[in-house]
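Working notes, beginning with the structure itself.
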Amino acid sequence: MADFKECSLQAMLKGMRDGDFSSRELTSFFLDRIDALEGRIHAFLSLKPESALQQADRADALYVEWRAKKRASIPSLLGLPIAVKDVLCVDGFPCTCGSRILENFHPPFNATSVQRLLDEGVIIVGKTNMDEFAMGSSTENSAFGPTHNPWNVEHVPGGSSGGSAAAVAARMIPAALATDTGGSVRQPASFCGVTGIKPTYGRVSRYGLIAYGSSLDTAGVMAHSAQDVEMLLRVMAGFDPRDATTSDLPVFSPLEDQNDLHGLRIGLPMEYFIEGIQPEVDVAVKEAVRQLEQHGAQVLQVSLPHTRYALPVYYLIAPAEASANLARFDGVRYGLRVEEEDLIPMYLRTRGRGFGAEVKRRIMLGTYALSAGYYDAYYGQAQKVRTLIKQDFEKAFEFVDVIAAPIAPTTAFKLGQHTDDPLAMYLEDVFTLPANLAGVPGLAFPVGFDGNGLPIGMQLMGPQFSEQNLFRAASVYQSFTDFHQRVPLDVQ
Ligand code: GLN
Numbered sequence: 015m016a017d018f019k020e021c022s023l024q025a026m027l028k029g030m031r032d033g034d035f036s037s038r039e040l041t042s043f044f045l046d047r048i049d050a051l052e053g054r055i056h057a058f059l060s061l062k063p064e065s066a067l068q069q070a071d072r073a074d075a076l077y078v079e080w081r082a083k084k085r086a087s088i089p090s091l092l093g094l095p096i097a098v099k100d101v102l103c104v105d106g107f108p109c110t111c112g113s114r115i116l117e118n119f120h121p122p123f124n125a126t127s128v129q130r131l132l133d134e135g136v137i138i139v140g141k142t143n144m145d146e147f148a149m150g151s152s153t154e155n156s157a158f159g160p161t162h163n164p165w166n167v168e169h170v171p172g173g174s175s176g177g178s179a180a181a182v183a184a185r186m187i188p189a190a191l192a193t194d195t196g197g198s199v200r201q202p203a204s205f206c207g208v209t210g211i212k213p214t215y216g217r218v219s220r221y222g223l224i225a226y227g228s229s230l231d232t233a234g235v236m237a238h239s240a241q242d243v244e245m246l247l248r249v250m251a252g253f254d255p256r257d258a259t260t261s262d263l264p265v266f267s268p269l270e271d272q273n274d275l276h277g278l279r280i281g282l283p284m285e286y287f288i289e290g291i292q293p294e295v296d297v298a299v300k301e302a303v304r305q306l307e308q309h310g311a312q313v314l315q316v317s318l319p320h321t322r323y324a325l326p327v328y329y330l331i332a333p334a335e336a337s338a339n340l341a342r343f344d345g346v347r348y349g350l351r352v353e354e355e356d357l358i359p360m361y362l363r364t365r366g367r368g369f370g371a372e373v374k375r376r377i378m379l380g381t382y383a384l385s386a387g388y389y390d391a392y393y394g395q396a397q398k399v400r401t402l403i404k405q406d407f408e409k410a411f412e413f414v415d416v417i418a419a420p421i422a423p424t425t426a427f428k429l430g431q432h433t434d435d436p437l438a439m440y441l442e443d444v445f446t447l448p449a450n451l452a453g454v455p456g457l458a459f460p461v462g463f464d465g466n467g468l469p470i471g472m473q474l475m476g477p478q479f480s481e482q483n484l485f486r487a488a489s490v491y492q493s494f495t496d497f498h499q500r501v502p503l504d505v506q
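15 is the number of the first residue of the sequence shown in our numbering; add one for each residue after it.
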């Protein structure tokens with residue numbers, strides 16, 4: 015059977031269109047890899063192999079008709095297998111959010127981002143593991159057990175979208191949807207050596223994305239190259255009448271082949287290259303920027319002076335929004351319900367059993383920050399500082415087109431290393447949170463490996479709705495490097 019581990023999405027689609035191979039062959043290849051590796055990686059929370067193969071056969075039949083000229087056109091992603099983070103609703107699959115409280119929730123509809131991909135013919139093979147309600151940086155907060163990093167199974171894959179990142183890295187699936195509220199696309203992409211986009215807030219609809227922090231949540235996608243990621247994001251993006259925060263600005267046009275970056279000004283924010291970051295991360299990111307410079311980009315120093323406040327600001331605003339969003343999980347409408355005679359004990363026991371420790375911690379933190387008497391001191395103050403962080407980016411983008419920075423201060427840490435110390439875990443997010451607070455896009459891609467063979471990622475951030483520029487720079491970088499094509503040894 016053909017080996018699709020190193021095949022781009024473009025090449026998969028072309029191969030199916032030309033009749034070189036079928037969607038059944040392609041889908042079976044990835045299902046076989048899932049079969050072989052899932053026991054070690056645990057990237058998935060649910061899988062539908064039979065239904066995936068049936069859809070593949072239907073796609074193949076359409077390709078045959080199209081080639082025989084019985085059909086004028088075919089959907090652009092027909093027969094392409096993908097996976098979806100278990101926080102986005104997909105009709106026909108459970109949607110657990112990595113939580114016991116939604117263990118039995120089967121949404122009767124598709125998230126808009128998912129629907130748009132289905133309309134173009136993708137096949138959804140499974141739903142991926144995640145930190146409970148997307149709260150975490152290691153996927154260890156999943157109620158269904160952690161995911162393991164394919165580069166070294168004793169290490170975490172990052173989080174909260176660790177299942178999607180690990181599945182893509184291990185070539186159990188060629189692409190996967192993920193979400194980013196404070197880094198959950200970029201940090202696991204970095205830890206697992208894959209490419210992933212956190213789009214501008216409002217670029218992709220949040221309809222059907224189970225809310226964590228509504229003013230920060232974004233739906234994005236992971237794959238192996240900027241080109242692959244761009245192709246899927248372009249389908250997912252755009253105005254949606256079901257999400258009033260989506261923008262009606264036109265979606266960016268397809269990436270054009272290009273190999274130089276003349277005219278692109280890259281900013282290096284001094285606040286992101288600080289004491290305490292793993293030296294190999296610092297060196298790899300700077301080396302990648304130097305190579306972009308050699309390809310025509312101009313590199314400038316910039317300052318984002320309020321960066322150090324991003325962590326406390328995020329850990330007030332996100333839990334505050336979460337405490338409001340999670341109030342609906344009370345055992346009455348759907349999900350888990352522990353039967354009791356009276357309402358209050360039923361609420362208490364349902365939520366007591368249904369939520370894990372991190373989710374409870376954040377609900378308490380958020381409820382406290384919003385309570386009368388503390389609101390101004392905590393939530394109100396955090397909102398003001400959020401504006402300063404946003405203004406930092408606006409000022410920097412007067413001088414540069416993109417900002418290059420590390421994604422996390424370290425490479426993937428060991429399972430269990432931070433589980434007893436929530437603050438140490440929160441510190442992992444220091445470089446990813448600002449983009450969410452400012453609503454700007456961030457593209458993560460691999461730029462090297464540390465001494466232990468664990469991937470190192472870099473992010474490019476840009477002004478709102480400048481995704482195309484980020485894809486362009488990363489795809490030039492990927493035209494002369496091969497970090498994004500390497501397959502973890504353990505899972506070859
Ligand atoms: N790691 C961050 C947190 O724990 C971000 C999570 C996310 O982006 N969903 O909240």
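No residue lacks a Cβ here, since even glycine has one placed at the ideal position from N, Cα and C.
Taking contact to mean 3 or more Cβ pairs, one atom from each stretch, closer than 8 Å, check whether the region 38 to 46 and the region 250 to 262 are in contact.
no
Hey, quick one: how far does the alpha helix (DSSP H) through ASP274 stretch, first residue to last?
Position 260 of the sequence shown, counting from 1, holds the residue named residue 274. Note, ASP274: premise wrong, no alpha helix (DSSP H); not H, not E.
Could you pull the DSSP bridge partners for ALA458 from this structure?
To locate residue 458, count along the sequence shown from 1; it is residue 444. Answer by DSSP bridge pairing, in chain order: GLY210 and GLN473.
In the DSSP assignment, the beta strand (DSSP E) including PHE58 goes from what residue to what residue?
The residue given as residue 58 occupies position 44 in the sequence shown. Taken as a continuous stretch (DSSP letters only), the beta strand (DSSP E) holding PHE58 covers 58 to 61.
Between ASP262, GLY159 and GLU355, which lies nearest to ARG217 when the distance is taken from Cα to Cα?
The count along the sequence shown starts at 1 and reaches residue 217 at position 203. It is ASP262.
What does a CB cutoff of less than 6 Å around THR214 pick up in its chain, not counting 5 residues either side in sequence?
Working through the sequence shown from its first residue, we reach residue 214 at position 200. The answer, listed in chain order, is PRO455, GLN478 and PHE479.
Distance between LYS84 and GLY207 (C-alpha atoms, nearest Å):
Taking the first residue of the sequence shown as position 1, residue 207 is located at position 193. Taking the first residue of the sequence shown as position 1, residue 84 is located at position 70. The straight-line gap from Cα to Cα measures roughly 42 Å.
Segment limits, alpha helix (DSSP H) that includes THR364
Translated into positions along the sequence shown, residue 364 becomes position 350. THR364 -> alpha helix (DSSP H) spans 357 to 368.
Every unbroken beta strand (DSSP E) inside the region 370 to 451 [3 residues or more]
416 to 420
Roughly how many whole angstroms lie between the Cα atoms of LEU350 and PHE445?
For the purposes of this step, residue 350 is identified with residue 336 of the sequence shown, where counting begins at 1. For the purposes of this step, residue 445 is identified with residue 431 of the sequence shown, where counting begins at 1. Each residue's Cα considered, the two are about 36 Å apart.
I'd like to confirm the pairing. Which residues does DSSP put opposite GLY173 in its beta bridges?
Residue numbering aside, residue 173 sits at position 159 when the sequence shown is read from its first letter. Per DSSP, none; premise fails for GLY173.
May I have the straight-line CA-CA distance separating LEU59 from THR495, to the nearest angstrom?
Within the sequence shown, numbered from 1, the residue matching residue 59 stands at position 45. Within the sequence shown, numbered from 1, the residue matching residue 495 stands at position 481. Between LEU59 and THR495, the C-alpha separation is close to 33 Å.
Closer than 7 Å: TYR226 CB and nearest the ligand GLN heavy atom
As a first step, residue 226 must be located in the sequence shown, where it is residue number 212. Result yes, Cβ under 7 Å from the ligand GLN.
Buried or exposed by the 16-neighbour rule on C-beta atoms within 10 Å, applied to HIS432:
Translated into the one-based positions of the sequence shown, residue 432 becomes position 418. Answer is buried; the Cβ neighbour count reaches 16.
Determine the DSSP secondary structure at SER300, reduced to helix, strand or coil.
By one-based count along the sequence shown, residue 300 stands at place 286. Correcting the residue identity first, residue 300 is Lys in this sequence and not Ser. Helix.
Taking the C-alpha atoms as reference points, what is the distance between MET439 and HIS276?
Taking the first residue of the sequence shown as 1, we reach residue 439 at position 425. Taking the first residue of the sequence shown as 1, we reach residue 276 at position 262. MET439 and HIS276: Cα-Cα distance of roughly 39 Å.
C-beta atoms of MET186 and ARG47 nearer than 8 Å:
Translated into positions along the sequence shown, residue 186 becomes position 172. Translated into positions along the sequence shown, residue 47 becomes position 33. Closer than 8 Å, so yes.
Whose C-alpha, out of PHE147, PHE205 and PRO108, is nearest the C-alpha of GLU168?
Counting from one through the sequence shown, the residue named residue 168 turns up at place 154. Nearest of PHE147, PHE205 and PRO108 to GLU168, Cα basis: PHE205.
Would PHE497 pass as a contact of ILE115 if the rule is Cβ separation under 8 Å?
Here the question's residue 497 lines up with position 483 in the sequence shown. Here the question's residue 115 lines up with position 101 in the sequence shown. For PHE497 and ILE115, no; Cβs fall outside 8 Å.
Heavy atom of the ligand GLN within 7 Å of ALA148 beta-carbon:
Translated into the one-based positions of the sequence shown, residue 148 becomes position 134. Answer for ALA148: yes, Cβ within range of the ligand GLN.
Just checking, does the region 339 to 354 make contact with the region 304 to 312 on the three C-beta pairs under 8 Å criterion?
no
Mapping the DSSP letters down to three states, classify ALA487 as helix, strand or coil.
Working through the sequence shown from its first residue, we reach residue 487 at position 473. Helix at ALA487.
Put PRO202 into one of helix, strand or coil per three-state DSSP.
The residue given as residue 202 occupies position 188 in the sequence shown. DSSP places PRO202 in helix when its eight states are reduced to three.
Does the separation of the CB atoms of GLY227 and ALA336 fall below 8 Å?
Within the sequence shown, residue 227 is the residue found at index 213, counting from 1. Within the sequence shown, residue 336 is the residue found at index 322, counting from 1. Yes, they are a contact pair.
Using the Cα positions of CYS109 and ALA192, report the straight-line distance between them to the nearest angstrom.
Along the sequence shown, one-based indexing puts residue 109 at 95. Along the sequence shown, one-based indexing puts residue 192 at 178. In a straight line, the C-alpha of CYS109 is about 13 Å away from that of ALA192.
Under the three-state reduction of DSSP, which class applies to MET284: helix, strand or coil?
The residue labelled residue 284 in the question sits at position 270 within the sequence shown. Here MET284 sits in helix by DSSP.
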